[in-house]
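Following: one structure in structure tokens, then a few remarks.
2 protein chains.
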Amino acid sequence: MSKLTDVPKRILIGRALRSDRLGETLLPKRIALPVFASDPLSSVAYAPGEVLLVLSIAGVSAYHFSPWIALAVVVLMFTVVASYRQNVHAYPSGGGDYEVATTNLGAKAGLTVASALLVDYVMTVAVSISSGIENLGSAIPFVVEHKVLCAVVVIVLLTVMNLRGVRESGTLFAIPTYVFVAGVFIMIIWGAFRGLALGDTMRAPTADYHIKAEHQGLAGFALVFLLLRAFSSGCAALTGVEAISNGVPAFRKPKSKNAATTLAMMGLLAVTMFCGIIVLAMTTKVHMAENPAADLLHNGNPLGSGYVQNPVISQVAEAVFGKGSFLFVVLAAATALVLFLAANTAYNGFPLLGSILAQDRYLPRQLHTRGDRLAFSNGIVLLAGAATLLVVVYGADSTRLIQLYIVGVFVSFTLSQIGMVRHWNRHLAAERDQAKRRHMIRSRAINAFGAFLTGLVLVVVLLTKFTHGAWVALLGMCIFFATMTAIRKHYDRVSEEIAAPEGPSDDLVRPSRIHSVVLISKIHRPTLRALAYAKLMRSDTLEALTVNVDPAETKALRAEWERRGIDVPLKVLDSPYREVTRPVIEYVKNLRKESPRDAVSVIIPEYVVGHWYEHLLHNQSALRLKGRLLFTPGVMVTSVPYQLASSEAAKVRARRRQDWSAPGAVRRGPAQVRKESSKEPKEPKESPASKG
Amino acid sequence: MSKLTDVPKRILIGRALRSDRLGETLLPKRIALPVFASDPLSSVAYAPGEVLLVLSIAGVSAYHFSPWIALAVVVLMFTVVASYRQNVHAYPSGGGDYEVATTNLGAKAGLTVASALLVDYVMTVAVSISSGIENLGSAIPFVVEHKVLCAVVVIVLLTVMNLRGVRESGTLFAIPTYVFVAGVFIMIIWGAFRGLALGDTMRAPTADYHIKAEHQGLAGFALVFLLLRAFSSGCAALTGVEAISNGVPAFRKPKSKNAATTLAMMGLLAVTMFCGIIVLAMTTKVHMAENPAADLLHNGNPLGSGYVQNPVISQVAEAVFGKGSFLFVVLAAATALVLFLAANTAYNGFPLLGSILAQDRYLPRQLHTRGDRLAFSNGIVLLAGAATLLVVVYGADSTRLIQLYIVGVFVSFTLSQIGMVRHWNRHLAAERDQAKRRHMIRSRAINAFGAFLTGLVLVVVLLTKFTHGAWVALLGMCIFFATMTAIRKHYDRVSEEIAAPEGPSDDLVRPSRIHSVVLISKIHRPTLRALAYAKLMRSDTLEALTVNVDPAETKALRAEWERRGIDVPLKVLDSPYREVTRPVIEYVKNLRKESPRDAVSVIIPEYVVGHWYEHLLHNQSALRLKGRLLFTPGVMVTSVPYQLASSEAAKVRARRRQDWSAPGAVRRGPAQVRKESSKEPKEPKESPASKG
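This is the structure in structure tokens:
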């Protein structure tokens, strides 16, 4: 099946996969954690730094607020995790926030959540890759010197990888994620040991710098506002928490319980890492500024535009492990890798959400098909394009991109939690069992608090970040919302237009007779086959039709027709301008005019070829004619294909394309409960045919 | 028919034209001359200057060779005109050089000529527009300061105009061409009068400059080579002479005689203008250099890169009429306009030649259709793209572009004339009438001399211009040649593959039965219509097929099926991955496997929509399925269209597209001798059906 000539294609499009391609194994918790949590865990690589950056506006003295902000983030994280543990139990289907909002708050809320999530996926790619590049850059200077270029290259690589339909394995996610988590924990423990037991003074590379406060001695409302802004930035640590609630079907049984446990583990890990890094940053005196070129001073002089501010995690690692040490490099690499994996989760999530939205007819219906290559490709290219745009516009600067990030996350958090409150209210109204009721009331309380807190954060984020870029994210959400609403409206309108009436209607009067016309250009195998099939169809009348484009050819055709004794009458249409389409259309229209109750069946012999350039050389007239005929009422158009030898190539290609494995398969879990249906398609299962 | 919303489209694509759209009037000589001769006549705007430019390499003293070079060009012009007068009489069909070469020298020679002509059309656009911009620039400084931009803008304008299918009128060509010719003649006569009768000393703006010879005191072989190079450049005056031989069918009767007369008039005009301009340039002491910034000296100093060297025709006009005078501006404008018209002729010729080549299967067959919009559009866009590339690469510098120009022209001249000699030889062998024989022998002598001289010039051009850019033109010719050969090979291979065998063969065994399958997604008007049509077809078995993508929907479908009492069995295919294509393909393959002698007819209800974005929302699954089914042997695919209300828009659009008038109609003459067939298509003429 795979010839030598296929090699270049195979390199580009990926190897033909076997039919049992999803390889659906359910995930144990130890694998599910890295698969779903690479996004939230990786965000500790940039979130602590963002807090310090904002605080630096009020000068280094404001840094002492950072533990309090970390505490607020921890409280929020626990609240969100606790809330989503309720979601996971109540909605084990994996529909996630979109399902919760739609079910409980209605279609518009659901669509808002969906728009927010779509924007969020774009931001995940842009922020994670930019941050990954910055972390990689702390070990490899070249990368940070060509930030935008490197970020775009990584986006392109991820895109190609996902378009190829790379087969995910849990291990792929597990190793870098666990290396990253382990690295951060070793750093925290070793840092604590050095500081407390050995009494070492660990100093970050920026410890000697001074921060020129943009607003010295900030107090009162302004200070509160600044602290809220710092908190908003710290909330970046929460992005991706909802991922597990979308992935419940992929868990081993008991699915919901395992998912809830994984969620808790994830929350605990994230919080510990976040706080550990903040504390180490304070201890090692990391100094960061929003605008380091001007606001960071060394011996009283600004550092200038040549200075590259490394991420807080890398500065801390340098202080704890030593610059260029083995552990420092490993941690930098693992951080970058886990951030790229986080970006990759968006590549899975975006088309997956698209397919759910398509099911509800907010997006083109073909996206509905699970693992449809074309649909996934479109989604992936759209995602990659939007992310690239953002990366280029914002210069791959994670700090500036984060301003756009958190809005979408908290829109969906808040609406989802409000939805959950409604969910419990509804269930409480029906439930009589007191134990269950108590449980529900407890869940409702958790979700209500979650809704309150995330809603509050949303307001804070909007207030503090709107002018810093959050408006861009809101605009993106509006565009998604409007587009999806328009698509849904279109589908609804069409569905109304084509609704079958009860009883017979004018439109559906069954035509009384059928008049078949076979289009003939020359006598060759394709036309002979078309004639044979047409005869077999036993329509009421049958004729062959040719257009006289070249009188000599037409004469030859007619002679051969008679010589071969073909028992179908041949009609010749004149065409002074050597056109094909117009005379045929006019003729068919005329047939319809003469006997309006007859339907006309136009049978077109077609070549099936294997390469795109061969398409340019064949069937163009047939295609155009078909296109025009479809607009003519009362006409049906039949293609009788003739497979040329070269069509084999396309067949192999098509088969391979169909055996393609959609990215994100691991996260999605098996297609249906009936396991046997995921095996190699054999005899299709047939339902008993119903008789009318 | 034309609604208000159509206005923007109408502006862009052009107004819907009536069906008798070619407006075929035969051309009288006075109109035919400007229509066909704008290209050769306009070349006198740049050819004399090119001669001076090359001579200037040997210093101003070499200028005294220019009358001799002009004389050589005149001799060549008369030879070529005399030769083509023979072509016109011998081949009145308008096939031009391609036909002459193919008929007499074989397919490869014909294809070489065709490749040369295609390259030539590209060069005509590039050179004429660049030169037009330079002439316009002599009156409007802005234009010459933004040469490349202006040239590209003109190309874009011409392209849009031709894509719109502008209706040509002879007048459009006649006015500027006659104004240009009249202007040049007035200039020559007025110049002669001022110089000879009034004794005025007319001085060109560059009369006071000195030329720094790159090679002072050139002699012997080097001088001869330089003179030959100058002559080659002067040969640019001959480009476009063959146009009339392509246009014989457009002439009034007696076609050949009128065409021959027009050819002679054109030659006479061109030669007089060419010589007049050379003489005036010598009289007014025009000084030009290939590299004016360095080699033109004013008071001993180079003029520097800011200096813009105006074309010789504009310098002479300035000397004769005075800078900024009315006649000077009119002549500059008319020169630019006639050059743009010359470029426009390539826009007509390129797709026209394409259609002839398509007839011989060297190009995709659909180009064969006369005035097929799509085919013309592709040709026009290809031409414009190539010309734009050349203009940008060569900085819209007509002098540099001309180096590429003349190769193609002389390749086709030479091959055509050799072909004509063969033509006469063949006819002489058969002809017995002595008077006719004498005539033929005379014609053969003319063509033989033409072949000799143009062949000599071709060698000279190749020798003197190869490194200056002629290799680019040759490369272009090779690319066209190779592509067309490959296309022809492909068509030949396919035609062999599909040739109908005499007598029955395995391949054509008529299938014994037909099994029809109607694809159903839901019950609505389109599916009900498809079912009704399918029943009417009376195939041997008929069933409805649905894919169980969503169990709830499938259940509802089955219930409604029974409720409505549809008397066709409904089969349900399972699809665990919500795929549509694969289960259907597998099912059809299985049907074929079970009874290999049966054919399967798959009937697909299809929506017909009006806008491209609606296509994205509908039929995608159907389209993909159709694409795959065509690769399955023994299957025929029938579309039963259902026209949605929005399809009206597309219908109107399609009709308008068909009523489009192809550019170049005037030059091409009527389609067929039978005049009545060009009228509004009424009842199509039917030939008596032949019975086998």
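Those protein sequence lines, which keep their order, are chains A and B. Residue 1 is where the first sequence starts when you use full-length UniProt numbering, and the numbers rise one by one after that. Residue 1 is where the second sequence starts when you use full-length UniProt numbering, and the numbers rise one by one after that. Here a beta-carbon is modelled for each residue, glycine too, at the ideal position from N, C-alpha and C.
- In this structure, A:Arg597 keeps its C-beta atom at 7 Å or more from the C-beta atom of A:Ser539.
- Residues of the same chain with a CB within less than 6 Å of the CB of B:Ala47, apart from the 5 flanking positions on each side, are Gly234, Ala236, Ala237 in chain order.
- Annotation note: the segment 324–362 of chain A contains the following uninterrupted alpha helix (DSSP H) runs of length 4 or greater, listed N- to C-terminal: 326–359.
- If you draw a 10 Å sphere on the C-beta of A:Val156, you find fewer than 16 other C-beta atoms in it, and that means exposed.
- Within the same chain, Ile129, Ser130, Ile133, Val391, Ala396 come within 6 Å of B:Ala151 by CB-CB distance, once the 5 residues on both sides are set aside.
- Classified as exposed, B:Phe142 has fewer than 16 neighbouring CB atoms from the shown chains inside 10 Å of its CB.
- For the segment 412–436 of chain B, no residue has a beta-carbon sitting nearer than 8 Å to a beta-carbon of chain A.
- The residue from A:Ala482, A:Thr262, A:Leu33, A:Val421 with its alpha-carbon nearest to that of A:Ile446 is A:Val421.
- Identification of chain B residues near A:Tyr533 by a Cβ-Cβ cut-off of 9 Å yields Arg510, Pro511, Ile514, Ala599, Ser601, Met636, ordered along the chain.
- Here A:Pro633 carries a coil assignment [DSSP, helix/strand/coil].
- Collapsing the DSSP output to three states places A:Ile498 in coil.
- Classified as exposed, A:Ser305 has fewer than 16 neighbouring CB atoms from the shown chains inside 10 Å of its CB.
- Under the 7 Å criterion on CB atoms, A:Lys651 is classed as interfacial with respect to chain B.
- The three-state secondary structure of A:Asn246, taken from DSSP, is helix.
- When the Cα atoms are used, A:Ile479 and A:Gly95 turn out to be separated by approximately 22 Å.
- Burial check for B:Trp424: the Cβ neighbour count within 10 Å reaches 16 or more, so the residue is buried.
- Within chain B, the C-beta atoms nearer than 8 Å to that of A:His490 come from Glu614, Leu617, in chain order.
- Bounds of the alpha helix (DSSP H) holding A:Thr581 are 581–594.
- Boundaries for B:Ser516: no alpha helix (DSSP H) harbours it, while the beta strand (DSSP E) harbouring it runs 513–519, taken from the DSSP string.
- For B:Leu296, the enclosing beta strand (DSSP E) covers residues 296–298.
- With contacts defined by Cβ atoms closer than 7 Å, A:Ala109 and A:Leu453 do not form a contacting pair.
- For A:Tyr607, the enclosing beta strand (DSSP E) begins and ends at 598–608.
- In terms of beta-carbon proximity, B:Ser621 lines the interface with chain A, with at least one pair separated by less than 7 Å.
- As for any alpha helix (DSSP H) of minimum length 4 sitting wholly inside the segment 408–473 of chain A, the runs are 434–465, ordered along the chain.
- The continuous beta strand (DSSP E) containing A:Glu543 extends over residues 541–548.
- What A:Tyr642 touches in chain B, judged by beta-carbon distance under 7 Å, is Ile498, going in chain order.
- With respect to the 7 Å criterion, A:Met484 and A:Leu105 are not classified as neighbours on the basis of their beta carbons.
- A Cβ-Cβ contact shorter than 7 Å links B:Pro40 with B:Gly240.
- The distance from the Cβ of B:Ala207 to that of B:His287 is about 7 Å, consistent with a contact at the 8 Å cut-off.
- Judged by DSSP secondary structure, B:Asp574 falls within the beta strand (DSSP E) whose first and last residues are 570–574.
- Nearest in C-alpha terms to A:Leu463, of all of A:Val224, A:Gln216, A:Ser138, A:Asp97, is A:Val224.
- The C-beta distance from A:Ser38 to A:Leu55 rounds to 28 Å, too long to meet the 8 Å contact threshold.
- Our two residues, A:Ala319 and A:Ala334, have alpha carbons roughly 18 Å apart in a direct line.
- Judged by DSSP secondary structure, A:Ala317 falls within the alpha helix (DSSP H) whose first and last residues are 312–321.
- Around A:Met537, the beta-carbon contacts reaching into chain B at under 8 Å are Ile514, Met537, Arg538, Ser539, Ser601.
- Only residues of its own chain outside the window of five on either side were considered, and among them Gly408, Ala473, Gly476, Met477, Phe480 have a CB closer than 7 Å to the CB of A:Val119, listed in chain order.
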